[in-house]
Each structure stands twice: as structure tokens, then as C-alpha cells.
Amino acid sequence: MATNILRRAASSVMKETFLTGTLRRSYASVAVGTDIVSAAPGVSLQKARSWDEGVSSKFSTTSVKDIFKGKKVVIFGLPGAYTGVCSQQHVPSYTKNIDKFKAKGIDSVICVAVNDPFVMNAWAEKLKAKDAIEFYGDFDGSFHKSLELGKDLSAALLGPRSERWSAYVVDGKVKAFNVEGAPSDFKVSGAEVILEQI
Amino acid sequence: MAPIAVGDVLPDGTLSCFDAEDKLQQVSIHSLAAGKKVVIFGVPGAFTPTCSLKHVPGFIEKAGELKSKGVDEIICISVNDPFVMKAWAKTYPENKDVKFLADGSATYTHALGLELDLGEKGLGTRSRRFALLVEDLKVKAANVESGGEFTVSSADDILKAL
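If you read the protein sequences in the order shown, they are chains A and B.
As numbered in the numbering used here, residues 1 to 198 make up the first sequence, in order.
As numbered in the numbering used here, residues 199 to 360 make up the second sequence, in order.
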């Protein structure tokens, strides 16, 4: 399955990555203390939407500033809508725990992927996750590229996508950040881990 | 690349899909089309309305008629990844004949000269809406929409060309 291809493609990353129990990649530009709005100036995401909603909103986008400024946000990114770990483990871990996030005063739980907003919308509806989580598309990968979280998954026939990661961001400042050693892993980017970090 | 036209030879290219055993496969267009009569239609995007509610259903409905006129394969292409194409194809449980193939990086769409920049709609580089009738790799009909319309690329239009 595609996850095996992902594991093989990521093994070279593992060799470079300094993974001795730390949860951070040494060369990611995102880390605790990063100001996400300054790291991604002028970048926007597209809220998951149906085409009709797209037309009536004139295909509007939401700036990174509007998403993060003055808010407590938990955001997680994943390689692709409709793919295995993303659909079966990553999103469900957040939908299951949404009440715990609300109890900790989190304003938004956001899922982002390098997909268009229409695919994100259909996927969110399929997973029945739209009530709990806000889904955004980073259709051209610009958000992930700014944070150096882009990853070439052409070996898995996905093209340029992103790492699997999660972050707790308060008023645009990263307070906690986790990224998997390989995009097919699901060890540090789930809801349970970040709940402990809030 | 100039857009593909009647009389051209259909270029080869590699597309991807999940097979009947749910394994990811790469497929060469020529392997599906050489020596055969095939219909290839392209859509701007999975899960968008004209594509989902009109273009695809038209071909699913008319598949029987197309096959009775000697069409061997009916292929739907979109610039989406194979996971999305698989999920989209599943929304048509009645479909038996239309193959959904993914041109994730738009390479084949580019080879056909049919790419379209839909960045301002949050879609990026996609394909124009089109339908081709190809016999033994020779293009017999090339119906390409100029914008977002749906006037020349339906199954009925291709039936007229047969």
C-alpha cells in the first residue's frame, strides 16, 4: 500500500533527522517561539467549502493573520485528504477529543492539507468532522512551504504535500510543535499528545 | 503545448489509480488505447458541481450506448491524486464502465495541451473540460470547452461523433 512507499521514501529523512527522543526536527523553521504570522506573511488558506459557497464568497481566502491573531488555536497538518492514516487515525483523534480542547479554552481546532478546498469539504463531510474541526486547504502548498513543512510525496503519487504535524499557537506564537519522523507515522501529532502540551 | 486536435496522435502518458484489489497502479494511456476505440473526457476537479452532477453522470448513463457503438474504454481524467479519484469514483456506485484515472501532477494534461490555471478558485493548475474520441491512437473528435461551460464535451456530443 501507499504507506509502505511513504515509509521507504522517508527512511532517508530518518537518517538525516536527529531523532533521539526529541520531537523537533533540527532544520524546521517552525519551533516553539516562532511567530507564525511573520513566518508566513501574505499567505492565505482556503476554508473548506462547496462550490456554491465558493461562488457566493467570490472564492475568498482567509489570511494566516486572521486565523491566528488573538486566538488560541490547535492546528494539525497531514499529507492528504482521503488517505489512510489521515482519514482513519489523525482526524478522528481530534474529533474524539474536541470537548477536551474546548474545556481548555481553545478557540479553533484546524486541519490543513495540500488539497483544494472542495476536496477538503467533501472529505470533512465524509468523516463527519465539520462540526468539530475547521478544515482549510493549502492548495498551492504556500503555507507549508513558508514553515518549511512541505514534503515531496511523489513516490506515493501524491506530489508536493506536507509533513504530518501539529501545533498549539496562541495569538500567532507557537507554544508547542510536533512533527512526525515520517509522514506515515502517527506517534506525536495526535490530539492526546498536544492536549498534554496545552 | 498546442491543444490536442482532430488528426493528432494521442500522446502517451502515465496516470494512476487504485485497482480492483485496492492497490495503487500506474497506467500507460497507450496500453489502454492502442488498437482500440476509446473515449477520454477530462474534468477540472473531483467534487466540483458540473463535473460531479452533469459531466460524469452523462458518461455513466450513456456507457452502454457508447459500448454498443464499439467504444472499448471510457476514461475520466482529472488533475487530482489517486486517493481523491478513488473516493470520488465511489460516489457513483452504479458505475461499471467509466475508469477514473488521476493525473496528479498535470503532466498528461500538459501533454494534451489542455491545462487551465484555476488558482484564483483555489484549484491550481487543472484540466479544461473536454471529451476526445480516439481510434487506435488517432484523435477523431476533440471537443474542448473554452471556459467553465458544458456545451460540447458531454457523452451525447461524443455519441454524435460516432
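Don't be surprised by glycine CBs; every beta carbon is placed ideally from N, CA and C.
Bear in mind that the values here come from a model prediction, so they are computed numbers and not experimental data.
As assigned by DSSP and simplified to three states, the class of residue i
i, result
"Val64 (chain A)", "helix"
"Phe59 (chain A)", "coil"
"Lys145 (chain A)", "helix"
"Lys151 (chain A)", "strand"
"Leu357 (chain B)", "helix"
"Tyr82 (chain A)", "coil"
"Glu219 (chain B)", "coil"
"Ile110 (chain A)", "strand"
"Val37 (chain A)", "helix"
"Ile98 (chain A)", "helix"
"Ile202 (chain B)", "coil"
Beta-carbon contacts of residue i that lie in its chain and below 6 Å, excluding the five residues immediately before and after
i, result
"Ile227 (chain B)", "Asp210, Gly211"
"Ile275 (chain B)", "Gly240, Leu299, Asp301"
"Asn115 (chain A)", "Ala81, Gly137"
"Ile356 (chain B)", "Val237, Ala329, Leu331"
"Ala309 (chain B)", "Pro209, Gly211"
"Gly77 (chain A)", "Val112, Ser162, Trp165"
"Ile75 (chain A)", "Ile110, Ala167"
Straight-line gap, residue i to residue j (C-alpha atoms, nearest Å)
i, j, result
"Asp354 (chain B)", "Ser57 (chain A)", "33 Å"
"Ala191 (chain A)", "Pro79 (chain A)", "17 Å"
"Phe68 (chain A)", "Gly42 (chain A)", "13 Å"
"Asp220 (chain B)", "Lys338 (chain B)", "33 Å"
"Lys235 (chain B)", "Val225 (chain B)", "17 Å"
"Ala304 (chain B)", "Asp140 (chain A)", "13 Å"
"Val37 (chain A)", "Leu45 (chain A)", "12 Å"
"Lys102 (chain A)", "Gly150 (chain A)", "29 Å"
Close-in-space but distant-in-sequence residues of the same chain around residue i (CB under 8 Å, 5 per side omitted)
i, result
"Leu314 (chain B)", "Pro242, Thr323, Arg324, Ser325, Arg326"
"Ser154 (chain A)", "Pro160"
"Ile258 (chain B)", "Tyr290, Glu292, Asn293, Asp295, Val296"
"Gly70 (chain A)", "Asp171"
Residue i: CB within 7 Å of a non-hydrogen atom of the ligand SAH
i, result
"Lys71 (chain A)", "Among the components modelled here there is no ligand, and therefore nothing to report on the ligand SAH."
Sequence-distant residues of its chain with Cβ nearer than 7 Å to residue i (five each side left out)
i, result
"Ala40 (chain A)", "Val64, Phe143, Ser146, Leu147"
"Ser87 (chain A)", "Leu127"
Point to revise | Runs of beta strand (DSSP E) wholly within the segment 224-293 of chain B (minimum 3 residues, chain order) | key: 235-241, 271-276
Review point. In chain order, which continuous runs of the alpha helix (DSSP H) of length 4 or greater are located wholly inside the segment 293-343 of chain B?
Key: 305-309
Practice item. Give a yes or no on contact between the segment 173-181 of chain A and the segment 89-103 of chain A, applying the rule of three or more CB pairs nearer than 8 Å. Key: no
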